[in-house]
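Reading through the structure tokens given below for one structure.
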Amino acid sequence: MRRNYRSRKQKSVATMRMKLLRFNGAVERDPAIDEWMKERAGELGTIADQWFEVMRKCGDEVRELLHDGCPVACLGDAPFGYVNVFTSHVNLGFFHGAALPDPARLLEGTGKFMRHLKLRPGTPTDAAALSKLIDAAYSDIKARVENG
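In this note's numbering, the protein residues as written are 2 to 149.
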């Protein structure tokens, strides 16, 4: 019996051809997100603001909006990352996180697409690895958008 094996690149291309999630209303700088951040003062808010700012700086095409009550970073109208503040941690998530390279094994979750990590005050963060994940998420969504 012959098995049909696909290479990693073939699987990646197949994944990119899936219909992308799109959000209406993304803008260059959403004042509602600045207000959201102000309402979450303290250590957790600082963590969320710091890492959302990294997402904002990924490229000139980054847009943002509040979706399901949390800040979302998009390439145009295609989301790639979000932050959310909880009682004791900040979630930093990626809409296509399951497809991202994660050599530092930061990501959690078992969903088909999304992955996240938890950031806690007083707990060391591998900032370089996290910055690479954010860059990878942006590059990934850019490739998905460009390859339709």
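Ideal Cβ positions, reconstructed from N, Cα and C, are used throughout, including at glycine.
Predicted model only: the values in this text are computed from it and were never measured.
Would residue i be called buried (16 or more neighbouring beta carbons within 10 Å of its own) or exposed?
i                : result
valine 28        : exposed
proline 72       : buried
glycine 149      : exposed
glutamate 147    : exposed
phenylalanine 87 : exposed
aspartate 50     : buried
alanine 74       : buried
glycine 94       : buried
In whole angstroms, what is the alpha-carbon distance linking residue i and residue j?
i                 : j                : result
glutamate 62      : glycine 77       : 6 Å
leucine 103       : leucine 134      : With the sequence shown as reference, residue 103 is identified as aspartate, and leucine is not the correct amino acid for it. C-alpha separation (whole angstroms): 7 Å.
phenylalanine 96  : phenylalanine 81 : 5 Å
aspartate 141     : leucine 118      : 18 Å
alanine 137       : leucine 101      : 7 Å
tryptophan 37     : valine 84        : 11 Å
phenylalanine 24  : threonine 124    : 33 Å
phenylalanine 40  : lysine 143       : Reading the sequence as shown, one finds glutamate at residue 40 and not phenylalanine. In a straight line, the C-alpha of glutamate 40 is about 31 Å away from that of lysine 143.
glutamate 57      : glycine 112      : A small correction: the amino acid at residue 57 is arginine; glutamate does not occupy that position in the sequence shown. If you take the alpha carbons of arginine 57 and glycine 112, they lie about 25 Å apart.
glutamate 91      : alanine 79       : Checking the sequence, you will find valine at residue 91 rather than glutamate. One C-alpha to the other measures close to 22 Å.
alanine 129       : isoleucine 48    : 15 Å
lysine 20         : glycine 46       : 33 Å
tyrosine 139      : aspartate 69     : 21 Å
arginine 64       : leucine 131      : 20 Å
glutamate 54      : glycine 60       : 12 Å
glycine 110       : glycine 26       : 28 Å
arginine 4        : leucine 107      : The predicted position of arginine 4 is uncertain, since its pLDDT is 45 and thus under 50; a value taken from the coordinates is nonetheless stated next. If I take the Cα positions, the gap works out to 33 Å.
phenylalanine 114 : tryptophan 52    : 21 Å
arginine 156      : alanine 33       : The structure shown has nothing for residue 156, since the chain only spans 2 to 149.
Rounded to the nearest angstrom, how far is the Cβ of residue i from that of residue j, given a contact under 8 Å?
i             : j           : result
arginine 150  : serine 89   : Outside the displayed span of the chain (2 to 149) sits residue 150, for which this structure offers no information.
aspartate 127 : alanine 105 : 5 Å
aspartate 156 : leucine 66  : Outside the modelled stretch of the chain, which goes from 2 to 149, sits residue 156, for which no answer is possible.
If you follow the alpha helix (DSSP H) that residue i is in, where does it begin and where does it stop?
i             : result
lysine 39     : 32-40
aspartate 136 : 128-147
What are the boundary residues of the beta strand (DSSP E) that includes residue i?
i            : result
arginine 116 : 116-120
Quick check on the DSSP output: what are the complete alpha helix (DSSP H) runs of length 4 or more inside the segment 42-93, in order along the chain? 44-57, all fully within the segment 42-93.
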